[in-house]
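Quick note, the sequence shown lines up with residues -22 to -1, 1 to 555 if you use mature numbering (1 follows the signal peptide of the UniProt record, and there is no 0).
Glycine included, C-beta positions come from ideal geometry on N, C-alpha and C.
Just below is one structure, and these are the notes that go with it.
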Amino acid sequence: MSPVTVTFLMLVFLESFKLSFCARNHNVACIQSERRALLRFKQHLKDPSNRLSSWTKNGDCCRWDGIICSNVSGLVIGLHLGSSRGTRKLGGKLNPALLDLKHLTYLDLSDNDFRQTQIPTWFWNMSSNLYYFNISRNQFQGNIPDLLTMTQPSVLIDLSCNNFTGSLPLLSSNMTAIDFSFNSLSGSMSHFLCHKLNESMKLEILNLGHNLLSGEIPECWKKWSRLVGIKLCDNNFSGKIPGSMGALTLLQSLHVRNNFVVGEIPSSLRHCSELVTVDFGSNQLSGDIPGWMGERLPKLIILSFHSNKFTGTLPEELCALSYLQILDLSHNNLVSEIPSCINNLSAMNSGNKSDDKIFYRTSKGSFFEDILVVMKGRVVNYDTTLKLVKTMDLSDNNLSGEIPEEVTSLAGLQSLNFSHNHLVGRIPYNIGAMTSLECFDLSTNNLSGEIPLTISDLSFLSHLNLSYNKFTGKIPSGTQLQSLNAYSFLGTKLFGPPLSESSTDVRFGTGSGVLKNREDQDKVDWFFLTVELGFLSGFFGAVFLLMLCKSGRSVHFQYMDETGHSLGRIIRKYILK
């Protein structure tokens, strides 16, 4: 899964840097030795779109595109050569002429194409003078050396979306933000995290997601007390969530999704009261979902525990999370009724009137949050529009009882999924009050009765699944329900368009017979499983090819068959376990 178009580390602190030199003194010309160095650097670059046409032999380099000079001395202090949308990428080789830019502190070569270039040693040495170093979204390869000699008091480094291998480097205490995501870094993070335990670190943003890191997440977090955001998702980490993370009292975002982490959620995390996002999905966590999360983490907007081994009840204390917009507890073993206090999740009650981004402020600017959400049967990554997303997914648990009428007060929800549980009773009559619903899934329960006529008020509804229940009667007419696929009503006693007009079981032919009831559903699942497993060889072949081309910020893998079973769930349940 992951998927990020513009991801976790998207710092917006640089505008003040660029603006401070836009009104430079035009009487100050660039230094001749630096102009010659830049021209030598250009000679080894491939520039198919002629982006560097202003770099001429007799020109003033302080007026060249991508060059930032001091408005006092005329010295080159910034090189801004990252590609933007609509411009062709630079390529070629890195020329050591950059070493002659003695006062360079800002270097951006992001989103170019240097054709699997190995970073030369001189280039890493030069980076020790930078406070902003961004070579993300290229094809650079090789090991990342230790970054212990950074001379600037506050340093931001983005090496994401390259082909770097080897172990994590040791860091200077001056680092403020690092993004090493979407590489092939491997091994343990113990040496990286536990180096010089008595030394306090300035790091505020740590993104190690989408690598090949393994081993236990070490208990060395107290020295990293300034951390605001941590992303360890999509690695091979094992062991438990460290209790020492409770010392991170400034932490706002914690992602450990898609690893092999076990055990219970440590009670020490109750001290991280600034948390806005907790994403522990797709691990092997167990035990109860702590009730204290609803009391001690009052700022939570995103809570994702899907695809774990949690047991026990659905804590009523979670109803106190008035800012919660995304709740995903699907694919666990929770046993309880859905609490009637669900209407207290007030952020889900109405549309969003604020900014469409969820972001966190650091000493050097802000970064935007991102999260994976199952929406309309597809795994979607949301980032810059995340604040507009409101979903609840309690599917594939052992929940029982009736759907509380109070759920209909959550008029801002766009997606509601209670499928694959043991719910009984009827669909709440006032379901039409949930006017923002686009996706509504109640499949594979024991629900009965007729579909309420108020469902016709759900004008945005485009994905509905009521299959494998005991619903009866005619599907309400004059609504968008008639345009839905008949699979939405498989295994019920509903009739009317898009089904036939006669009242009979909605049946599914397999070629050798007809499956009518819930007990036969496993046979249908195995039928689709056979098709899905047969699809895997082609699927992973495509994945392998895509992984060889990591020049983009991320790769999205999205698939959902018409029965509502995601390919990811099939892989996890039947292959990985």
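task = Would you tell me roughly how many angstroms separate the C-alpha atoms of L77 and G329, rounded to the nearest one?
result = Straight-line Cα distance between these residues: approximately 53 Å.
key: Delimiting residues of the alpha helix (DSSP H) encompassing T363   = Going by DSSP, T363 is part of no alpha helix (DSSP H) at all; its letter is neither H nor E.
ask   = R18 lies in the alpha helix (DSSP H); which residues open and close that run?
value = 10 to 21
request  = Run through the stretch 244 to 307 for me and flag every whole beta strand (DSSP E) of 3 or more residues, listed as ranges in chain order.
outcome  = 255 to 257, 262 to 266, 280 to 282, 287 to 289, 304 to 306
query = My guess is that I208 and L232 are in contact by the Cβ rule of under 8 Å, so how many angstroms apart are they, rounded?
reply = 5 Å
message = Can you give me the C-alpha to C-alpha distance between L253 and Y360, rounded to a whole angstrom?
response = 19 Å
ask   = Rounded C-beta distance between N112 and S88? I'm assuming under 8 Å.
value = 5 Å
key: Inter-residue spacing [alpha-carbon to alpha-carbon] between G241 and G224   = 16 Å
query = Mapping DSSP to helix, strand and coil, what is K71?
reply = Three-state DSSP puts K71 in coil, outside helix and strand.
request  = Determine the DSSP secondary structure at V351, reduced to helix, strand or coil.
outcome  = strand
ask   = Who pairs with Q96 in a beta bridge, going by DSSP?
value = According to DSSP, Q96 bridges with Q119.
Stretch-stretch touch, CB-based, cutoff 8 Å, three pairs: the stretch 319 to 328 with the stretch 350 to 364 = no
ask   = What first and last residue would you give for the alpha helix (DSSP H) that runs through L420?
value = Note, L420: premise wrong, no alpha helix (DSSP H); not H, not E.
task = Select from L181, A15, R339 the residue whose C-alpha is nearest the C-alpha of L82.
result = Looking at the Cα atoms, A15 is the closest of the given residues.
inquiry  = Rounding to the nearest angstrom, what Cα-Cα distance links V521 and S216 in this structure?
reply    = Residue confidence for V521 is low, a pLDDT of 43 falling below 50, so the modelled location carries little weight and cannot support an answer.
Sub-8 Å separation of G70 and K24 beta-carbons = yes
task = Scan the stretch 155 to 233 and note each continuous beta strand (DSSP E) run of 3 residues or more that stays entirely inside, going in chain order.
result = Within the stretch 155 to 233, the complete beta strand (DSSP E) runs of at least 3 residues fall at 162 to 165, 183 to 185, 190 to 194, 207 to 209, 214 to 216, 231 to 233.
key: Enclosing beta strand (DSSP E) for E383 [first to last residue]   = It is not in any beta strand (DSSP E) - E383 carries neither H nor E in the DSSP assignment.
key: Proximity below 8 Å, CB of H58 to CB of D86   = yes
message = Considering just the uninterrupted stretch of the beta strand (DSSP E) at C47, what are its terminal residues?
response = 45 to 47
message = Using a 10 Å radius around the Cβ and a threshold of 16 neighbouring Cβ atoms, would you call P293 buried or exposed?
response = buried
Residues bridged to V133 [DSSP beta-bridge criterion] = M153
Range of the contiguous beta strand (DSSP E) that encloses G403 = 400 to 403
query = Contact check, R63 vs S27 under 8 Å by CB: the rounded distance?
reply = No, R63 and S27 are not in contact; Cβ-Cβ is about 13 Å, not under 8 Å.
task = Specify the secondary structure class of R337 as computed by DSSP and reduced to three states.
result = A quick correction: the sequence has Phe, not Arg, at residue 337. In this structure, F337 counts as strand in the three-state DSSP scheme.
Under the three-state DSSP convention, the category I409 falls into = helix
inquiry  = Give me the DSSP bridge partner(s) of S426.
reply    = For S426, which the question treats as bridged, DSSP gives the partners K448.
message = Is any non-hydrogen atom of the ligand HEM found closer than 7 Å to the C-beta of I336, if you look at the structure I gave you?
response = What this structure holds is no ligand at all, so the ligand HEM is not there to describe.
query = What residue range is occupied by the uninterrupted beta strand (DSSP E) comprising Y110?
reply = 110 to 112
ask   = Buried or exposed: which applies to P147, given that a residue is buried once 16 or more other Cβ atoms fall within 10 Å of its Cβ?
value = buried
query = Taking the C-alpha atoms as reference points, what is the distance between N495 and N286?
reply = At N495 the pLDDT is 43, less than 50, meaning the model places this residue with poor confidence and gives no usable figure here.
query = Hey, is the stretch 152 to 163 in contact with the stretch 178 to 186, meaning 3+ C-beta pairs nearer than 8 Å?
reply = yes
message = I need the straight-line Cα distance from S440 to N423, nearest angstrom please.
response = 21 Å
key: Backbone CA spacing between W102 and K174 [nearest angstrom]   = 22 Å
inquiry  = In whole angstroms, give me the CA-to-CA distance for I279 and G343.
reply    = 21 Å
ask   = How would you call G221, buried or exposed, if buried means at least 16 neighbouring beta carbons within 10 angstroms?
value = Result: exposed.
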